[in-house]
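This note's numbering puts the first residue of the sequence shown at 1284, with every later residue one more than the last. By construction, the Cβ of each residue, glycine as well, lies at the ideal position given by its N, Cα and C atoms. No experiment lies behind these values; they were computed from the predicted model shown. Report on the following structure.
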Amino acid sequence: MFLTSLVELVLELNEFTGSIPTSIGNLTNLTILANNLSGSIPSGIGNLTKLNLLSFAINQLSGPLPEEIGKLQSLVELSFTENMLTGLIPQSIRNLENLTLLYLFDNYLSGPIPEEIGKLIFLETLQLYNNNLIGKIPDSIAKLEKLTSLSLYGNNVTRHIPSA
């Protein structure tokens, strides 16, 4: 394998096509990963434990967010905006303790907003709009003292807004 010492990989605004290679999980020294690709997100993404920023915004990614996303505990920013992701927001999201920005808008994510999001105590921005999310806003969101931006429009969540 080559590039195993690579720390930053930014491929945005290019014309790369195809799926994310499963070997991406071998680049364990990456701290920043951003690109324009398609296909599903390989479970090997969980091996990139040094990542601070993971941006797969404005791509053609499909399928679910893998549970392994919760292994990326160094993440400060996570963006999967404007893709075709489906399924639930994984409960392993609770492990992203350093996350300040979470952008999952303009996808096809479904199910309830996980209560585990309330464990992201450094979260400042939570953008989940234009998905297929249902149910009530979790009470745990009211405990996010640093949260300054919350966008949930374009979903089917109830109007109950939790109080602190």
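In whole angstroms, what is the alpha-carbon distance linking residue i and residue j?
i, j, result
"Leu-1355", "Leu-1433", "22 Å"
"Ser-1321", "Thr-1364", "13 Å"
"Ile-1404", "Ser-1423", "10 Å"
"Asn-1378", "Gln-1343", "26 Å"
"Asn-1390", "Asn-1335", "22 Å"
"Ser-1357", "Thr-1383", "11 Å"
"Asn-1330", "Leu-1348", "15 Å"
"Ile-1324", "Ser-1345", "8 Å"
"Asn-1413", "Lys-1402", "23 Å"
"Leu-1368", "Ser-1393", "9 Å"
"Gly-1370", "Leu-1361", "17 Å"
"Glu-1473", "Thr-1305", "Shown here, the chain extends from 1284 to 1447; a query on residue 1473 therefore has no answer."
"Glu-1374", "Glu-1350", "Per the sequence shown, the amino acid found at residue 1374 is Gln instead of Glu. For Gln-1374 and Glu-1350, the distance between alpha carbons rounds to 7 Å."
"Pro-1395", "Ile-1307", "30 Å"
"Thr-1332", "Val-1359", "12 Å"
"Thr-1441", "Ile-1352", "27 Å"
"Ala-1340", "Ser-1326", "18 Å"
"Asn-1309", "Ile-1328", "9 Å"
"Leu-1409", "Asn-1366", "17 Å"
"Lys-1429", "Ile-1420", "17 Å"
"Asn-1415", "Thr-1311", "33 Å"
"Lys-1426", "Phe-1388", "22 Å"
"Glu-1407", "Ile-1372", "18 Å"
On the criterion of 16 or more Cβ atoms from any shown chain inside 10 Å, does residue i qualify as buried, or is it exposed?
i, result
"Gly-1418", "exposed"
"Tyr-1436", "exposed"
"Ser-1338", "buried"
"Asn-1438", "buried"
"Thr-1431", "exposed"
Provide the residue span of the beta strand (DSSP E) that contains residue i, from first to last.
i, result
"Leu-1331", "First-last for Leu-1331: undefined, no H or E at that position."
"Tyr-1436", "Taken as a continuous stretch (DSSP letters only), Tyr-1436 belongs to no beta strand (DSSP E), as it is neither H nor E."
"Leu-1358", "Counting along the chain, Leu-1358 falls outside any beta strand (DSSP E), and DSSP gives it neither H nor E."
"Gly-1346", "1343 to 1346"
"Thr-1383", "That residue, Thr-1383, is in no beta strand (DSSP E); it is neither H nor E in DSSP."
State the beta-bridge partners of residue i as determined by DSSP.
i, result
"Leu-1416", "Gly-1394"
"Ser-1432", "Thr-1408"
"Gly-1322", "Leu-1344"
"Thr-1369", "Tyr-1391"
Any heavy atom of the ligand GTP within a distance shorter than 7 Å of the CB on residue i?
i, result
"Lys-1333", "In the structure on display, the ligand GTP does not appear, and there are no ligands present to speak of."
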